[in-house]
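Going by my numbering, the first residue of the sequence shown is number 98, and it counts up by one from there.
Quick reminder that beta carbons are idealized off the backbone N, C-alpha and C, glycines included.
Data first, discussion second: the structure below is written as C-alpha cells.
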Amino acid sequence: MIDHIVLVKFGETTTQEQMQEVADRFKALKPHLTGIVDIQAGLNFSEKNKGYQVVLSVRFEDRAALEAYGPNPEHQAVAAYIREVGREDSLIVDIEI
Numbered sequence: 098m099i100d101h102i103v104l105v106k107f108g109e110t111t112t113q114e115q116m117q118e119v120a121d122r123f124k125a126l127k128p129h130l131t132g133i134v135d136i137q138a139g140l141n142f143s144e145k146n147k148g149y150q151v152v153l154s155v156r157f158e159d160r161a162a163l164e165a166y167g168p169n170p171e172h173q174a175v176a177a178y179i180r181e182v183g184r185e186d187s188l189i190v191d192i193e194i
C-alpha cells in the first residue's frame, strides 16, 4: 500500500471556510477514484505547522492507483479549487507501507 500525504499552505486572504471546503471536497473524491483504501482531510491545528493549514491523506492499494489519481478529472477539479482559493505552497510525501 501507498500513503500519499499533502500539506497545503494558503495565503492570508484564504478563509477558514475555504480551507474547510478544500478538506470536504477532497474527502468527497473517494467514490470517484479506484484503488483507494482510505481518504482523510482536515485542518492542521498543530502549533508546529510551519504555516501548512490543511492536511490531505490518501491510502492507495498500490503505486498504479497513485499514478491514476494525479490525472483523474475529479482530483484535478479539487486541485484547481485549492489554487483558486490561494494555495501558496504544498508538500507531498509518498511512502510505501
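| Check | Outcome |
| --- | --- |
| Residue burial classification, THR111 (beta-carbon count within 10 angstroms, cutoff 16) | buried |
| C-alpha distance - ARG122 paired with GLU193, whole-angstrom precision | 25 Å |
| Separation of ILE102 from LEU126, as counted between CA atoms | 15 Å |
| Residues of its chain near ASP100, where Cβ-Cβ distance is below 6 Å and the 5 sequence neighbours each way are ignored | ARG156, ILE192, ILE194 |
| Coil, strand or helix - ASP195 by DSSP | Only positions 98 to 194 of the chain appear in this structure, which leaves residue 195 out of reach. |
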